[in-house]
Amino acid sequence: MRIIRVRHNGRAFYASLGEDGTLTCLQRDLGYTEPLSMAEVSLMPLVAPSKIICVGLNFRDHAAEIDMPLSAEPSFFLKPPSSLIDNGQTILLPRNVGRVDYEAELAVVIGQRCRHVTPEQAAGFVFGYTCANDVTARDLQRGERMFGRCKGYETFCPLGPWIETTMPPEDSAVRAVVNGEVRQRGVLRDMIAAPLELVSYLSGIMSLNPGDVILTGTPRGVGPITAGDTVRIEVENVGVLSNTVEWDNPGFAETGASAYRLQ
53 MRIIRVRHNG RAFYASLGED GTLTCLQRDL GYTEPLSMAE VSLMPLVAPS
103 KIICVGLNFR DHAAEIDMPL SAEPSFFLKP PSSLIDNGQT ILLPRNVGRV
153 DYEAELAVVI GQRCRHVTPE QAAGFVFGYT CANDVTARDL QRGERMFGRC
203 KGYETFCPLG PWIETTMPPE DSAVRAVVNG EVRQRGVLRD MIAAPLELVS
253 YLSGIMSLNP GDVILTGTPR GVGPITAGDT VRIEVENVGV LSNTVEWDNP
303 GFAETGASAY RLQ
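My numbering numbers the first residue of the sequence shown as 53 and each following residue consecutively.
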């Protein structure tokens with residue numbers, strides 16, 4: 053089942069997306085008895101996470117290509133929720149940061165709060181799966197021991213286009229396609245830790261809340277993007293996430309900041 057988040061008559065809810073493009077509200081208490089069309093609703097961000105957890109070096113070939121050692125346990129870092137953008141929105145390149153890369157990933161969306169779950173239990177706490185692009189300021193990453201800056205810029209976590217409730221088979225391909233050219237390709241079976249193993253591991257460290265997102269790692273083939281590019285992240289049996297790329301406008305933040313002065 054493919055699920056998106058929409059707003060209709062001032063009410064936000066999740067809805068299943070039918071093959072004919074109609075929407076069925078998944079919250080029965082709202083009283084929707086008939087399907088809705090896409091024209092009747094406005095799209096909302098898929099999730100409103102308390103945190104975005106990114107697992108690093110979960111493909112051996114990617115660790116080798118960026119010359120990073122593997123750790124004995126999964127390594128991870130956090131992206132801020134402010135880095136999220138949706139399918140079709142624009143990745144903004146910060147000025148004066150050097151090379152910025154795409155990283156194609158499968159993302160897990162948590163559906164119920166969980167803590168200390170086993171891999172066998174983890175599936176019961178997962179809402180579904182979607183496509184993610186762990187956009188990275190690569191030059192900054194090479195000079196930093198911590199990844200907060202190089203991974204945390206606005207728009208550096210595209211996510212979408214929907215949530216697929218069925219886990220993709222392990223032979224599903226993960227691809228990054230830039231301007232129609234396949235630049236990155238891997239297969240889920242090549243992950244060091246499988247998605248449900250990651251949910252279990254992370255739940256032993258912190259509570260995972262509904263809407264939280266786990267990016268499960270990227271395969272070999274990461275590379276640069278530049279203004280004017282169109283980047284597609286394809287996860288077979290899940291969906292296709294597409295975003296354009298442009299330069300950020302530094303004047304926008306200054307204008308926005310002046311509008312929110314404390315009185």
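We put the CB at the ideal spot given by N, CA and C, even for glycine.
*Within 10 angstroms of the Cβ of I56, are there 16 or more other Cβ atoms? Answer buried if so, exposed if not.*
Position 4 of the sequence shown, counted from the first residue, corresponds to residue 56. Under this definition I56 is a buried residue.
*Report the three-state DSSP secondary structure of G204 (helix, strand or coil).*
Residue numbering aside, residue 204 sits at position 152 when the sequence shown is read from its first letter. Judged by DSSP in its simplified three-state form, G204 adopts helix.
*Taking the beta strand (DSSP E) that A91 falls in, what are its first and last residues?*
The sequence position of residue 91 within the sequence shown is 39, counting from 1. Where A91 is concerned, there is no enclosing beta strand (DSSP E), given that its DSSP letter is neither H nor E.
*Between the segment 134-149 and the segment 202-214, do three or more beta carbon pairs fall short of 8 Å?*
With three or more CB-CB distances shorter than 8 Å, the segment 134-149 counts as touching the segment 202-214.
_Inter-residue Cα distance where the pair is P171 and S94_ = Taking the sequence shown and counting its residues from 1, the one referred to as residue 171 is at position 119. Taking the sequence shown and counting its residues from 1, the one referred to as residue 94 is at position 42. Cα to Cα, the separation comes out at about 36 Å.
*Which residues in the same chain as D113 place their Cβ atom closer than 8 Å to its Cβ, once the five residues preceding and following it in sequence are excluded?*
By one-based count along the sequence shown, residue 113 stands at place 61. Taken in chain order, the residues that qualify are G238, D242, P271 and R272.
*Is A184 helix, strand or coil by DSSP?*
Here residue 184 refers to the residue found at position 132 when the sequence shown is read from its first residue. Here A184 sits in strand by DSSP.
*Whole-Å CB distance - C183 paired with V292, under 8 Å assumed*: Working through the sequence shown from its first residue, we reach residue 183 at position 131. Working through the sequence shown from its first residue, we reach residue 292 at position 240. The pair is a contact, with the Cβ atoms about 7 Å apart (cut-off 8 Å).
_What residue range does the alpha helix (DSSP H) around V251 cover?_
Locating residue 251 in the sequence shown gives position 199, where the first residue counts as 1. It spans P247 to S255 - the alpha helix (DSSP H) in which V251 sits, taken as one unbroken run.
*Do the CB positions of V283 and A246 come within less than 8 Å of each other?*
The residue given as residue 283 occupies position 231 in the sequence shown. The residue given as residue 246 occupies position 194 in the sequence shown. Their beta carbons are not under 8 Å apart, which means V283 does not touch A246 by this criterion.
*Contacts around L82, its chain only, beta-carbon distance under 7 Å, and the 5 residues preceding and following it disregarded*: Position 30 of the sequence shown holds residue 82. Result list for L82: R63 and F65, in chain order.
_Residue range of the unbroken beta strand (DSSP E) whose run includes R235_ = As a first step, residue 235 must be located in the sequence shown, where it is residue number 183. Residue range E233 to V239 is occupied by the beta strand (DSSP E) that includes R235.
*Count the other CB atoms within 10 Å of the CB of E86; is the residue buried (16 or more) or exposed (fewer)?*
Along the sequence shown, one-based indexing puts residue 86 at 34. Per the 10 Å Cβ criterion, exposed.
*Is E157 buried or exposed, if buried means 16 or more other CB atoms sit within 10 Å of its CB?*
For the purposes of this step, residue 157 is taken as the residue at position 105 of the sequence shown. That one is buried.
*Assuming R167 and S259 make a contact with CB atoms under 8 Å, what is their CB distance in whole Å?*
The residue labelled residue 167 in the question sits at position 115 within the sequence shown. The residue labelled residue 259 in the question sits at position 207 within the sequence shown. Contact holds; Cβ gap of about 5 Å.
*Just how far apart, CA to CA, sit P262 and G212?*
Within the sequence shown, residue 262 is the residue found at index 210, counting from 1. Within the sequence shown, residue 212 is the residue found at index 160, counting from 1. Between P262 and G212, the C-alpha separation is close to 17 Å.
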